[in-house]
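**Student:** This is the structure I want to talk about, given as structure tokens.
Number of protein chains: 2
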Amino acid sequence: MIMTQKLTILDIAKLAGVGKSTVSRVLTNDPKVKPATREKVEQVIRESGYVPSKSAQAMRGGSAKVVGIILSRLDSPSENKAVSGILDVIYKAGYDAVIMESQFSAEKTNEHLAVLQKRNVDGVIVFGFSGCDLSRIELLGHKAVVIATDTDTISSVDYDHQGLIALAMDKLVSCGKQSISYIGVDESDRTTGLLRLNAYLESCRKLGIEPCYRTGQLSYDSAYHITDQVLSEGTEAIVCASDTLAMGVAKRLQELDRTDIQVSGVGATDLLSFLFPNTFSIDPGYFEAGKASAQLLIKQLSGQQEITHLIQQASY
Amino acid sequence: MIMTQKLTILDIAKLAGVGKSTVSRVLTNDPKVKPATREKVEQVIRESGYVPSKSAQAMRGGSAKVVGIILSRLDSPSENKAVSGILDVIYKAGYDAVIMESQFSAEKTNEHLAVLQKRNVDGVIVFGFSGCDLSRIELLGHKAVVIATDTDTISSVDYDHQGLIALAMDKLVSCGKQSISYIGVDESDRTTGLLRLNAYLESCRKLGIEPCYRTGQLSYDSAYHITDQVLSEGTEAIVCASDTLAMGVAKRLQELDRTDIQVSGVGATDLLSFLFPNTFSIDPGYFEAGKASAQLLIKQLSGQQEITHLIQQASY
DNA sequence: CTGTTAGCGCTTTCAA
DNA sequence: TTGAAAGCGCTAACAG
């Protein structure tokens with residue numbers, strides 16, 4: 001057996017001495033096939049190494065059993081964990097995934113969407129980003145789910161930005177911390193920036209804490225450089241909008257010999273607490289969010305589910 | 001325009017007042033179409049929002065313009081960078097990618113291979129791992145390329161494990177270091193383990209350095225715990241088989257107040273040198289390796305290229 | 001239970 | 001230059 005032959009269903013039919021449709025029935029697990037016949041056909045299929053053409057099946061049945069995934073960058077830890085979750089679920093449901101990178105470009109996203117449509121994909125899962133254009137996705141109706149985006153027209157799975165930060169704040173307070181600062185990213189980033197900052201402010205209000213914060217870029221370096229600005233004699237903890245920021249903050253604190261200050265991040269990077277003991281990270285549940293979005297999509301595709309909005313629970 | 005209509009080539013033909021085949025000719029960029037006719041058809045296509053069905057095209061033409069990618073884990077930084085490179089190249093060539101995770105299981109890999117074959121993918125790129133079963137991939141002949149695997153039967157792009165370590169050693173020596181230890185992973189891992197250790201030993205021989213090494217698991221923790229065992233009064237540098245290990249080593253050195261010792265890793269993680277100044281990382285060229293593998297595959301698919309083995313150059 | 005017969009949407013001869 | 005017609009490989013009625 002050297003070459004992947006180009007056998008068709010007809011070849012198998014002849015080889016097995018039956019009709020095309022009987023072979024098709026075996027392929028589709030149609031119960032009305034005599035066990036003996038089925039056995040024979042299956043044997044021929046096995047021996048010949050025949051592989052039914054998905055393209056033909058897709059064309060005939062209408063469904064290609066493919067879902068498209070558009071993420072911003074494959075090397076984003078949050079996104080690739082979520083994609084793992086998606087893969088996990090859709091694969092078990094017999095779907096495969098076509099993956100594309102938007103690189104944070106609304107234009108690319110739309111291009112990809114067009115390609116996916118050509119491919120007759122059954123559904124699409126899109127990871128949102130600041131400046132993402134949802135209009136084209138809306139046209140997909142129940143065939144689309146977006147992750148990490150705030151919308152009410154498309155099914156979505158979003159992270160609990162509010163809860164994420166609240167969780168960190170509560171934990172810190174329950175450890176006796178009173179003076180808690182915050183390092184975040186600019187409000188131009190709606191989710192990681194604005195939402196998480198607001199969550200901090202809201203928590204402060206509720207807990208009776210005097211807010212002290214600064215925002216910058218989403219990088220170690222940025223966080224490192226603005227750390228001093230939220231520091232005072234009495235600072236007991238610093239909540240960060242992400243693990244990346246937390247890393248920069250922790251390093252700066254180490255330099256300043258202020259490792260008494262507890263630092264929290266978001267992302268569940270085990271590296272953070274390995275390197276800096278007085279540190280913890282909130283897990284937004286990337287993998288779970290991926291799974292949830294895939295489950296949602298699949299249900300929608302089978303018509304069992306209306307447009308829905310899910311919030312992924314965070315945890316330590 | 002609310003719904004994605006199910007327009008066919010025939011609808012467009014009618015709308016444009018021409019025959020099916022003329023529309024098809026426009027779609028395939030057949031030069032023998034009168035410009036006026038073409039213009040008209042294109043307009044109708046544009047206005048109607050018609051999208052040709054890839055499934056049908058694939059079935060007719062034989063090629064689905066899809067390449068399958070099997071990687072071990074999406075959250076492996078090395079692999080997802082390489083995949084980005086692959087995506088980059090194949091997308092420009094008009095291919096799309098269906099991605100699957102093997103999770104280091106030879107069994108899953110074969111399952112995925114079978115699925116991809118059903119899908120009529122034009123080619124496959126597989127990321128190897130210890131214990132990977134190449135036999136099934138070999139059957140694919142020129143339709144397959146493997147990354148990070150040592151084989152002579154399948155086209156491959158491999159990292160220059162030897163060069164990686166040699167590069168680090170040379171740099172260290174040129175900085176005046178003489179006493180250079182090594183932290184790696186167990187030899188059960190052929191590439192990151194065995195190959196890189198051998199490279200270290202080989203470099204030591206060439207450079208007249210007394211080897212001093214230890215291997216363990218591929219984790220911060222493991223490296224952290226074995227660091228002391230390669231340390232002596234005069235140790236001037238520690239070469240690590242990966243950035244993950246380097247991170248553990250650097251942390252331990254920091255604790256021991258031995259930051260005079262320079263540490264090198266492999267992976268080009270910018271976090272490493274951000275956190276630990278006396279540190280550098282070799283870049284194995286993941287992204288470039290991905291691009292190279294995709295280019296190789298595409299050339300093979302078009303018959304312009306025989307089975308080939310590429311070594312990805314490393315750099316600082 | 002099983003074979004025959006239509007197509008699915010598209011590309012590609014083959015004539016016109 | 002264009003239209004008509006013949007399939008690509010498969011599934012789904014429709015008869016036996």
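Note that the protein sequences, when read in sequence, are chains A and B. All residue numbers in the first sequence are consecutive under UniProt numbering, ending with 316. All residue numbers in the second sequence are consecutive under UniProt numbering, ending with 316. Just so it is clear, CB atoms sit at the ideal spot from N, CA and C, and this is done for glycine as well.
#1: Locate the beta strand (DSSP E) running through Leu194/B, then write down its first and last residues.
#2: Nearest chain A C-beta to Tyr95/B closer than 7 Å, yes or no?
#3: Give the residues from the region 276–303 of chain A that approach chain B closer than 7 Å (Cβ to any Cβ), ordered along the chain.
#4: Out of curiosity, what's the CA-to-CA distance linking Glu233/B and Asp260/A?
#5: Could you give the residue range of the alpha helix (DSSP H) that holds Thr109/A?
#6: Please classify Met3/A as buried or exposed, where buried requires at least 16 neighbouring CB atoms within 10 angstroms.
#7: What residue ranges within the region 125–167 of chain B form continuous beta strand (DSSP E) runs of no fewer than 3 residues, ordered along the chain?
#8: Short of 8 Å Cβ to Cβ, which residues in the UniProt domain "HTH lacI-type" (7–61) of chain A face chain B?
#9: As a quick exercise: from Leu301/A, Tyr213/A and Ser105/A, pick the residue whose alpha carbon is nearest that of Ser229/A.
#10: Output yes if chain B places a C-beta closer than 7 Å to the C-beta of Val185/A; else output no.
#11: Helix, strand or coil, according to DSSP, for Gly85/A in the structure here?
#12: Determine whether the Cβ of Lys171/B lies closer than 7 Å to any Cβ atom of chain A.
#13: Report the rounded CA-to-CA distance for Asp75/B versus Thr37/A, giving the unit in angstroms.
#14: Quick one: any contact between the region 261–269 of chain B and the region 288–303 of chain B, if contact means 3 or more CB pairs under 8 Å?
#15: Hey, is Val157/B's beta-carbon within less than 7 Å of any beta-carbon in chain A?
#16: In chain A, which residues lie with their C-beta within 7 Å of the C-beta of Asn120/B?
#17: Helix, strand or coil: which one does DSSP assign to Ser264/A?
#18: Can you name the residues that DSSP bridges to Cys240/A?
#19: Which ranges does the beta strand (DSSP E) cover as unbroken runs of at least 3 residues, wholly within the region 198–259 of chain B, from first to last along the chain?
#20: So, with DSSP's three-state summary, where would you put Ser72/A?
#21: Identify whether Gln300/B lies in helix, strand or coil by the three-state DSSP scheme.
#22: Give the C-beta separation of Gln178/B and Ile209/B to the nearest angstrom, bearing in mind that I take them to be a contact with Cβ-Cβ under 8 Å.
#23: Excluding five sequence neighbours on each side, which residues of the same chain lie with their C-beta closer than 6 Å to the C-beta of Leu207/B?
#24: Give the straight-line distance between the Cα atoms of His225/B and Ser181/B, rounded to the nearest whole angstrom.
#25: Report the option in Ser78/A, Gly94/A and Thr269/A whose CA atom is closest to the CA atom of Ala148/A.
#26: Where do the ends of the beta strand (DSSP E) carrying Ile311/A lie?
#27: Can you tell me whether DSSP reads Ser315/B as helix, strand or coil?
#28: Can you find a C-beta in chain A that's less than 7 Å from the C-beta of Phe104/B?
#29: Please name the residues in the region 67–84 of chain A whose beta-carbon is closer than 8 Å to at least one beta-carbon of chain B, in chain order.
#30: Taking the straight line between their C-alpha atoms, what separation do you get for Gln217/B and Asp186/A?
#31: Under 7 Å, Cβ to Cβ, is there at least one residue of chain B near Ile99/A?
#32: Would you say Lys108/B reaches chain A, if we count a Cβ-Cβ gap shorter than 7 Å as a contact?
#33: Decide if Glu101/A is buried, meaning its Cβ has at least 16 other Cβ atoms within 10 Å, or exposed.
#34: Below 8 Å on the Cβ atoms is my contact criterion, and I expect Leu231/B with Met247/B to pass it. Report the Cβ-Cβ distance as a whole number of Å.
#35: Residues of chain A with CB closer than 8 Å to the CB of residue 322/B, please, in chain order.
#36: Taking the alpha-carbon of Leu15/B as reference, which of Val44/B, Lys34/B, Ser24/B and Thr28/B has the nearest alpha-carbon?
**Tutor:** Answer, in terms of the structure:
#1: Element bounds for Leu194/B: n/a, residue is neither H nor E.
#2: no
#3: Those residues of the region 276–303 of chain A placed with their C-beta closer than 7 Å to a C-beta in chain B do not exist.
#4: 31 Å
#5: Where Thr109/A is concerned, the enclosing alpha helix (DSSP H) stretches over Ala106 to Lys118.
#6: Unreliable placement is indicated for Met3/A, whose pLDDT of 45 sits below 50; no coordinate value is reported for it.
#7: As far as the region 125–167 of chain B is concerned, its whole beta strand (DSSP E) runs of at least 3 residues are 144–147 and 155–159.
#8: Listed in sequence order: Val51, Pro52, Ser53, Lys54, Ser55, Ala56, Ala58 and Met59.
#9: Looking at the sequence shown, residue 229/A is not Ser but Gln. Considering only alpha carbons, the answer is Tyr213/A.
#10: no
#11: helix
#12: no
#13: Distance between the alpha carbons of Asp75/B and Thr37/A is about 46 Å.
#14: Short answer: they don't touch.
#15: no
#16: Ser53, Lys54 and Ser55
#17: strand
#18: Ile183/A
#19: 213–216 and 237–240
#20: coil
#21: helix
#22: 7 Å
#23: Val173
#24: 15 Å
#25: Ser78/A
#26: His309 to Gln312
#27: strand
#28: With respect to chain A, the C-beta atom of Phe104/B has no partner C-beta closer than 7 Å.
#29: Residues passing the 8 Å Cβ filter: Arg73, Leu74, Asp75, Pro77, Asn80, Lys81, Val83 and Ser84.
#30: Distance between the alpha carbons of Gln217/B and Asp186/A: 39 Å.
#31: yes
#32: Chain A, which has no Cβ nearer than 7 Å to the Cβ of Lys108/B, makes this no.
#33: buried
#34: About 17 Å separates the two Cβ atoms, so there is no contact after all.
#35: Any property of residue 322/B remains undetermined from this structure, which presents chain B solely from 1 to 316.
#36: Val44/B
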